[in-house]
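Input: a single structure, listed below in structure tokens.
Protein chains: 2
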Amino acid sequence: KPYDARFSSRVITLPGMVNLDVLDAKNVDWSSATAAALTGGFTMITTVQKCSTLTGIEQEIESAHKIAGGGIRCDYVLLAAASNSNSSVIPAASSISQGLYIEPEAGESSLTPWLSHFKSWPSSSPIIAKASGQALASLLFGAVLERREIHIRQVRTREDLQIIRISKEKGMSVTCDVDVMDLYAKSASDLAISVADKEALWESLDLIDAVTGPPELVISLLLQSEGEGRLPQGWVRSRLVDNPRRILGLTDTKDTYIEVDMSESWDAPAASELSGTKCLGKVRRVVLRGEIAFLDGKVWSAEGAAKNETRLVVEDASTMLPSSDARKETG
Amino acid sequence: KPYDARFSSRVITLPGMVNLDVLDAKNVDWSSATAAALTGGFTMITTVQKCSTLTGIEQEIESAHKIAGGGIRCDYVLLAAASNSNSSVIPAASSISQGLYIEPEAGESSLTPWLSHFKSWPSSSPIIAKASGQALASLLFGAVLERREIHIRQVRTREDLQIIRISKEKGMSVTCDVDVMDLYAKSASDLAISVADKEALWESLDLIDAVTGPPELVISLLLQSEGEGRLPQGWVRSRLVDNPRRILGLTDTKDTYIEVDMSESWDAPAASELSGTKCLGKVRRVVLRGEIAFLDGKVWSAEGAAKNETRLVVEDASTMLPSSDARKETG
Ligand SMILES: [Zn+2]
Ligand SMILES: [Zn+2]
Ligand SMILES: [Zn+2]
Ligand SMILES: [Zn+2]
Ligand SMILES: [Zn+2]
Ligand SMILES: [Zn+2]
Ligand SMILES: [Zn+2]
Ligand SMILES: [Zn+2]
């Protein structure tokens with residue numbers, strides 16, 4: 181396919197992209213993680229605070245916001261992590277976080293605590309979960325019982341895709357994302373998913389609502405495939421911009437866009453797991469709220485310059501949240 | 181409570197009871213299992229054929245019917261066992277079995293094969309499943325997606341009861357049974373469920389649709405508790421007669437009833453796990469279709485005298501069953 185001819189010397193413009201890859205707020209280096217995001221054309225990263233106490237959840241999340249605020253070079257959202265024991269206290273943190281993050285551990289086979297979360301987390305705030313197999317089916321069952329929307333992170337098996345497909349077909353409000361590393365996995369690699377599961381991902385493009393992954397590779401891998409005709413027109417923009425924003429419940433960020441130079445054809449670096457995989461397009465410029473955040477390989481956005489996108493949650497009469505704690509936070 | 185005064189010298193009459201305890205058709209001694217059933221006032225037992233081939237399922241089930249037919253002293257139903265690989269072939273056996281039996285094994289974490297069963301098993305024929313924890317939630321999710329009624333066998337944890345309670349509250353067509361051995365478990369026993377789970381069973385009497393277990397103990401243990409006021413009036417009959425029949429999709433059996441002598445108060449035998457547990461009522465007489473099948477301790481019903489209750493399944497236009505194979509079977 182003559183993509184070079186079609187695209188060369190052309191620059192395309194997209195709104196700032198949102199990476200749904202959920203980073204651990206306790207371990208993230210806010211400055212370098214947000215710089216890497218900008219380099220890849222993302223103007224927002226997603227993080228999660230795994231609170232270590234039951235009584236100090238709000239303080240822990242406030243403190244995470246404070247640390248983030250000093251380092252961020254692009255926008256971020258912070259999710260509150262559900263545990264199997266914090267369903268009664270964590271809703272108090274819903275006004276200072278962007279959503280709830282559920283990731284059942286291997287031993288946590290009981291649905292009961294997650295049902296409590298589905299019931300008590302405000303319905304206006306998203307729930308994002310990472311689970312596979314029976315744990316996934318179990319969570320989806322809880323979601324359907326409590327009529328909750330739910331987003332499933334990093335789907336990577338044919339079985340999970342099929343469960344999500346049937347759920348969608350039956351009218352459930354479920355969305356999902358996949359990791360770009362799985363979409364382009366090389367079968368030689370140790371960490372790679374099976375050939376059959378990778379095939380299933382490519383056969384499920386209609387089902388996949390968002391793509392996440394290492395910021396420096398995501399859009400260029402996808403643009404290469406779009407150029408080759410392996411991805412439908414418009415797929416890249418919807419999976420990197422529109423859908424992730426909708427899933428997180430975000431409105432557009434004003435005067436925020438990226439420019440991608442489509443004349444650049446390159447290979448994924450030798451050090452990466454996708455070494456040698458064809459890539460198309462280089463992010464040349466990122467503008468965040470009217471200011472240049474990234475230009476020609478250099479991050480211009482200073483530490484602490486960006487925003488916490490945590491919105492004010494509209495109080496829901498059906499929840500029993502201490503509403504006195506709700507406040508607008510902008511970093 | 182003065183149950184002795186109220187009930188002594190009294191005989192109560194009930195329709196023949198149905199035991200939902202699912203016996204393996206390959207290992208059951210039809211003659212002695214049905215004799216034991218009669219002794220306890222059951223006029224029907226439930227069995228399952230676990231087919232070992234994919235291509236000879238109908239033959240295996242026919243053969244199980246033939247073996248059963250030669251030994252049975254009371255009625256029986258035969259369920260067809262679902263496996264994770266037989267969903268496309270087993271519906272052909274729906275006209276010669278009473279329902280589908282699903283029991284996922286420990287390693288079978290994928291929902292996909294069970295979803296296929298929910299889709300392809302005729303909707304007029306019941307599905308009975310045994311599962312706990314995530315496997316249970318996963319099956320219930322499949323059932324809700326495919327809008328299938330489902331019966332859950334032998335619920336024995338507080339968590340599972342809670343999932344079933346929420347499912348029922350949300351309008352799902354789910355029923356469940358418990359084993360009488362769990363209801364009366366002695367905490368000293370090795371096999372016993374935890375004290376907390378046993379308490380949960382007793383707190384969930386409204387949720388429990390049927391009681392199963394060793395035929396010689398079931399009704400007498402329950403009548404004792406009814407006499408003590410621990411069980412509501414009418415609970416025993418609905419859980420041993422009406423509900424199990426409805427769950428299996430059976431109509432009433434004509435001229436079939438049992439007589440229980442309520443003047444007998446006794447203890448569960450020392451050899452049993454419930455050694456010493458108080459029991460009330462002895463089954464004196466069982467009449468099966470007008471003939472005495474059991475009287476004063478002696479089984480009168482001859483081997484091969486009873487019936488296979490497998491009904492003709494009304495062909496469902498939405499299924500792709502070979503209808504040529506449907507036939508009426510009465511042993
Ligand atoms: Zn990641
Ligand atoms: Zn804050
Ligand atoms: Zn803050
Ligand atoms: Zn797989
Ligand atoms: Zn049993
Ligand atoms: Zn037969
Ligand atoms: Zn036959
Ligand atoms: Zn328990």
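Top to bottom, those sequences are chains A and B. As numbered in my numbering, residues 181 to 511 make up the first sequence, in order. As numbered in my numbering, residues 181 to 511 make up the second sequence, in order. Idealized CB from N, CA, C, for every residue including glycine.
Quick one: using the 10 Å Cβ neighbour count with 16 as the cut-off for buried, is residue i buried or exposed?
i	result
T337(B)	buried
G322(A)	buried
P449(B)	exposed
V228(B)	buried
T214(B)	buried
P412(A)	exposed
N423(B)	buried
V191(B)	exposed
G456(A)	exposed
W294(B)	buried
V375(A)	exposed
G407(B)	buried
A286(B)	exposed
R327(B)	exposed
K378(B)	buried
L218(A)	buried
S232(B)	exposed
D340(A)	buried
A272(A)	buried
A482(B)	exposed
S367(A)	exposed
V494(A)	Its pLDDT being 33, under 50, V494(A) is placed unreliably in this model, and the value from its coordinates should be taken loosely. Exposed, since its Cβ has fewer than 16 Cβ neighbours within 10 Å.
Nearest to residue i by alpha carbon, out of the options?
i	options	result
A451(B)	L397(B), V335(B), G251(B), A272(B)	L397(B)
D447(B)	L401(B), Q413(B), A317(B), R190(B)	L401(B)
Q239(A)	I276(A), Q314(A), L460(A), S267(A)	I276(A)
V198(A)	I399(A), R327(A), L381(A)	I399(A)
P284(B)	S303(B), I270(B), I308(B)	I308(B)
I241(A)	L403(A), S353(A), L280(A)	L280(A)
S290(A)	N264(A), A311(A), S303(A), Q278(A)	N264(A)
P394(A)	M361(A), R410(A), G414(A)	M361(A)
R410(B)	L385(B), S418(B), T392(B)	L385(B)
V440(A)	L430(A), V416(A), T433(A), M352(A)	V416(A)
V358(B)	S268(B), V257(B), K350(B), S312(B)	S312(B)
Q152(B)	L363(B), S367(B), A273(B), I438(B)	Here chain B covers residues 181 to 511 and nothing more, so residue 152(B) does not appear.
V202(A)	I388(A), A380(A), R333(A), S418(A)	R333(A)
T392(A)	C356(A), W382(A), Y256(A)	C356(A)
V335(A)	M352(A), A317(A), Y437(A), A486(A)	A317(A)
R469(B)	M442(B), I438(B), S443(B), E444(B)	I438(B)
V324(A)	S353(A), R345(A), I343(A)	S353(A)
T436(B)	K487(B), A260(B), K246(B)	K487(B)
E288(A)	Y256(A), A262(A), I247(A)	A262(A)
By the criterion of Cβ-Cβ separation under 8 Å, what are the contact partners of residue i in chain B?
i	result
Q404(A)	Simply none; closest approach about 32 Å.
Out of curiosity, what's the CA-to-CA distance linking residue i and residue j?
i	j	result
I221(B)	A390(B)	In the sequence under discussion, the amino acid at residue 221(B) is Gly, which differs from the Ile named in the question. Cα-Cα distance, rounded: 15 Å.
K462(B)	A473(B)	15 Å
K206(B)	A244(B)	8 Å
W210(A)	E489(A)	15 Å
L194(A)	S304(A)	28 Å
K421(B)	G196(B)	Here residue 421(B) turns out to be Val, not Lys, going by the sequence shown. Cα-Cα distance, rounded: 7 Å.
G477(B)	R425(B)	26 Å
S268(A)	C459(B)	43 Å
D496(A)	I225(B)	For D496(A), the pLDDT reaches just 34, beneath the cut-off of 50, and the residue's location in the model is therefore unreliable, leaving the point undetermined.
R465(B)	L200(B)	21 Å
D432(A)	A485(A)	18 Å
A315(B)	Q314(A)	6 Å
E453(A)	A365(A)	8 Å
I388(B)	I330(B)	14 Å
Give the interface partners of residue i over in chain A, defined as CB-CB distance under 7 Å, in chain order.
i	result
V398(B)	Neighbours of V398(B) on chain A: none; closest Cβ ~29 Å, over 7 Å.
I346(B)	L295, L325
Cβ closer than 9 Å: which chain B residues qualify as neighbours of residue i?
i	result
T355(A)	Near T355(A) there are no residues of chain B at all, since even the closest Cβ is about 17 Å away, more than 9 Å.
K350(A)	V324, L325, E326, R327
Starting from the beta carbon of residue i, find every residue of chain A whose beta carbon is closer than 8 Å, and list them in chain order.
i	result
T292(B)	E339, Q342, I343
S268(B)	Chain A residues near S268(B): none, gap ~16 Å exceeds 8 Å.
S289(B)	G313, Q314
Please list, in chain order, the chain B residues whose beta carbon lies closer than 7 Å to that of residue i.
i	result
A315(A)	Q314
Identify the contact partners of residue i in chain D, using a Cβ-Cβ distance below 8 Å as the criterion.
i	result
L320(A)	The structure shown has no chain D; the protein chains it does contain are A and B.
Practice task
Evaluate contact between the region 245–254 of chain A and the region 298–313 of chain A, counting only Cβ atoms and requiring at least three cross-stretch pairs below 8 Å.
Solution key: No, the region 245–254 of chain A does not touch the region 298–313 of chain A.
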